[in-house]
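A.B. asks: These protein sequence lines are chains C and R, in that order.
Residue 134 in my numbering sits at position 134 of the first sequence, and the numbers go up by one each step.
Add 135 to the 1-based position in the second sequence for my numbering, that's all there is to it.
Heads up, the beta-carbon is just placed ideally off N, CA and C, and yes, glycines get one too.
As the structure is a computational prediction, the values presented were derived from the model and not from experiment.
I am attaching a structure below and will ask some questions about it afterwards.
Protein chains: 2
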Amino acid sequence: MGRKGMLLVGHGSKLPYNKELIETTAGIIAKKTDEYLVKPGFMSLNTPTVEDQLEAFRKEDIEMLVVVPLFLAKGVHINKDIPELLGLPEGGRHGTFQLNGKTVPLVYASPIGSDPLLAELMLKNASDAIAELKS
Amino acid sequence: MGRKGMLLVGHGSKLPYNKELIETTAGIIAKKTDEYLVKPGFMSLNTPTVEDQLEAFRKEDIEMLVVVPLFLAKGVHINKDIPELLGLPEGGRHGTFQLNGKTVPLVYASPIGSDPLLAELMLKNASDAIAELKS
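Written out as structure tokens, the structure is:
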């Protein structure tokens, strides 16, 4: 089995923080697992764009492309703008992706959403801030 | 020791998804721990507002107020707008909060930021989407 591609999609921002977040998270994922070849791409304002990275993935030997939006929740970008860039219908979750000479499945994952891991992260941020106060 | 208050701050949105995310996450945190009395509040577009919930916390018996922004990353809201609502200087992380008849510490936590838990959540969302394709 070959590797899967993971396109980690960020919103993009004029400020540096969104880009940093997406790129650092892509780096953490890449270090954590060999299952995915991870590339970060931005919907607007930053580069590489989603389109740039789709083109870059066409040259890779991957068995599937998983598009993971690093967004908090659904909204117009998740429901409409990103599917458009992926050639999916609105609300579409599965399609195909053309590599050089072969077609592989394309899967569009959900944004963060409410998840026990997110609750845990909020508790961690709260504890860290309290620890900083006490130190 | 009494409980701490946690004000979980959301951006707010015309669409229902941000409000749902913040309220559901507040519920998960409340179920998970007795350490905090959790109230969700919104910066704009939804209610209860941050100001509403600050007023509500003044009536509670808490030993500290921790304000945790459920935002992806720093930006104008995190650096400037929320501190203003909390009476903190720009970049400020610690202050005081007036309850009815006593003053307690106020702590302003960081937004999500790059964290191994966020990377784990992205991997989970990717796996879930792939599992859905195969089912």
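#1: Using beta-carbon positions only, say whether C/Leu8 and C/Pro40 come within less than 8 Å of one another.
#2: Among the residues of its own chain, which have a CB less than 7 Å from the CB of C/Val38, if the five just before and after it don't count?
#3: To the nearest angstrom, report how far apart R/Pro251 and R/Asn260 are at their CA atoms.
#4: Going along chain C in order, which residues have a C-beta closer than 8 Å to the C-beta of R/Ser249?
#5: Do R/Leu220 and R/Val185 have their C-beta atoms within less than 8 Å of each other?
#6: Mark C/Ser44 as exposed unless 16 or more other C-beta atoms lie within 10 angstroms of its C-beta, in which case mark it buried.
#7: Can you list, in chain order, the residues of its chain with a C-beta nearer than 6 Å to that of C/Pro105? Leave out the 5 residues immediately preceding and following it.
#8: Could you tell me which residues DSSP pairs with C/Leu37 in its beta bridges?
#9: Please determine, among C/Ser135, C/Ile130 and C/Gly2, the residue with the shortest C-alpha to C-alpha distance to R/Val203.
#10: Please confirm whether R/Tyr243 and R/Pro224 have their CB atoms less than 8 Å apart.
#11: Using only alpha-carbon positions, find the residue among C/Asp61, C/Gly12 and C/His94 that is nearest to C/Tyr36.
#12: When you compare only the Cα positions, how much space is there between R/Thr238 and C/His94?
#13: Short of 8 Å in beta carbon distance, which residues of its chain neighbour R/Gly147, apart from the five on each side in sequence? Order them along the chain.
C.D. replies: In brief:
#1: Stepping through the first sequence from its first residue, residue 8 of chain C is reached at position 8. Stepping through the first sequence from its first residue, residue 40 of chain C is reached at position 40. It is a contact, given that the beta carbons lie within the stated cut-off.
#2: For this step, residue 38 of chain C is matched to residue 38 along the first sequence. Closer than 7 Å at Cβ, skipping near neighbours: Met6, Leu8, Ala26, Ile29 and Ala30.
#3: Reading the second sequence from its first residue, position 116 is the one you call residue 251 of chain R. Reading the second sequence from its first residue, position 125 is the one you call residue 260 of chain R. In a straight line, the C-alpha of R/Pro251 is about 14 Å away from that of R/Asn260.
#4: Locating residue 249 of chain R in the second sequence gives position 114, where the first residue counts as 1. Chain C residues near R/Ser249: Glu20, Leu21, Thr24, Thr25 and Ile28.
#5: Translated into the one-based positions of the second sequence, residue 220 of chain R becomes position 85. Translated into the one-based positions of the second sequence, residue 185 of chain R becomes position 50. Yes, these two residues count as a Cβ contact at 8 Å.
#6: Translated into the one-based positions of the first sequence, residue 44 of chain C becomes position 44. Exposed: under 16 other Cβ atoms inside 10 Å.
#7: Counting from one through the first sequence, the residue named residue 105 of chain C turns up at place 105. Met64, listed in sequence order.
#8: For the purposes of this step, residue 37 of chain C is taken as the residue at position 37 of the first sequence. The partner list for C/Leu37 (beta bridge, DSSP) reads C/Gly5.
#9: The sequence position of residue 203 of chain R within the second sequence is 68, counting from 1. Checking every option, the nearest Cα to that of R/Val203 belongs to C/Ile130.
#10: On the second sequence, residue 243 of chain R is found 108 positions in, with the first residue counted as 1. On the second sequence, residue 224 of chain R is found 89 positions in, with the first residue counted as 1. No, Cβ-Cβ distance for R/Tyr243 and R/Pro224 is not below 8 Å.
#11: Locating residue 36 of chain C in the first sequence gives position 36, counting from the first residue. Selected option, being the one with the closest Cα: C/Asp61.
#12: In the second sequence, residue 238 of chain R corresponds to position 103, counting from 1. In the first sequence, residue 94 of chain C corresponds to position 94, counting from 1. Cα atoms of R/Thr238 and C/His94: separation of roughly 54 Å, rounded to the nearest angstrom.
#13: On the second sequence, position 12 is the one that residue 147 of chain R refers to. Around R/Gly147: Asn153, Lys154, Phe177, Met178, Ser179, Leu180 and Asn181.
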